[in-house]
Amino acid sequence: MTDKLKAGKKTMVLGIGNIIMGDEGFGLHVIRRLKEIGMPENIILEEGGVGGFELLNGLQGIEKLVVVDIMMMPLPPGELKVFEPGNPPQEPGKAIVSFHQIGVLELVNVWAMMGNDEPEITFIVTRPQTIDWGTELSEPLKPAVEKAAEMIKNICADYN
Numbered sequence: 000m001t002d003k004l005k006a007g008k009k010t011m012v013l014g015i016g017n018i019i020m021g022d023e024g025f026g027l028h029v030i031r032r033l034k035e036i037g038m039p040e041n042i043i044l045e046e047g048g049v050g051g052f053e054l055l056n057g058l059q060g061i062e063k064l065v066v067v068d069i070m071m072m073p074l075p076p077g078e079l080k081v082f083e084p085g086n087p088p089q090e091p092g093k094a095i096v097s098f099h100q101i102g103v104l105e106l107v108n109v110w111a112m113m114g115n116d117e118p119e120i121t122f123i124v125t126r127p128q129t130i131d132w133g134t135e136l137s138e139p140l141k142p143a144v145e146k147a148a149e150m151i152k153n154i155c156a157d158y159n
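Below, the structure is given as structure tokens:
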């Protein structure tokens, strides 16, 4: 990743998830689709696994961050939601649930507390239907991969 940043790449698309847990792998499926269709050279496509503090190293030099993930929220499975960190989609009185050991927002807060500049963050998320052993996405999430890839291409075009 360091060589990409030296080359002036400042935008990262980070797919979060576990590829062997069904819909939990949504973010990784989107990153793999973006690699297939191709993205501009200045965009870093990163498979982030299930998150954790090891992701902090990858934020060095990133100005714009697009995070693709699943969350338990008031959406039908496969419907996509785009939001900024201060405006998450949730029903009054209900928390959004992340499936990971530490959420991306918490990581960015730790990053900032360490004296680093926070990247501009956009989330693209969907609600899972099935989280179980297997590498296939559920039927509602399969078409959402292509839709998310198109959204990301548009967001990244706006960044540049």
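In numbering that gives the first Met the number 0, the protein residues as written are 0 to 159. Where is the CB? At the ideal position from N, CA and C, for every residue including glycine.
- Query: Which word fits Val144, buried or exposed, when buried means at least 16 other C-beta atoms lie within 10 angstroms of its C-beta?
  - Reply: buried
- Item | Those residues which DSSP pairs with Phe122 across a bridge | Val66 and Phe82
- Task: Compare the C-alpha of Val180 against each of Glu138, Glu135, Glu119 and Leu140 and name the closest.
- Result: A query on residue 180 cannot be resolved here, the shown segment of the chain reaching from 0 to 159 and no further.
- Work out the CA separation of Glu46 and Asp116 for me, nearest whole Å. 22 Å
- For Leu44, the first and last residue of its enclosing beta strand (DSSP E): Ile42 to Glu46
- Under 8 Å by Cβ, that's how I've got Ile123 and Leu79 pegged, so tell me the actual separation to the nearest angstrom. 6 Å
- Roughly how many angstroms separate the alpha carbons of Leu140 and Gly60, rounded to a whole number? 32 Å
- Message: The alpha helix (DSSP H) that contains Leu104, what's its start and end?
- Response: Val103 to Met112
- Cα-Cα separation, Glu138 to Gly114: 43 Å
- Query: Whose C-alpha, out of Gly48, Glu40, Lys34 and Gly37, is nearest the C-alpha of Met20?
  - Reply: Gly48
- Item | Distance CB(Gly37)-CB(Gly26) smaller than 9 Å | no
- Thinking C-alpha only, which one of Gly51, Asp22 and Glu83 is nearest Asp131? Asp22
- Query: Looking at the structure shown, is Gly57 part of a helix, part of a strand, or coil, going by DSSP?
  - Reply: helix
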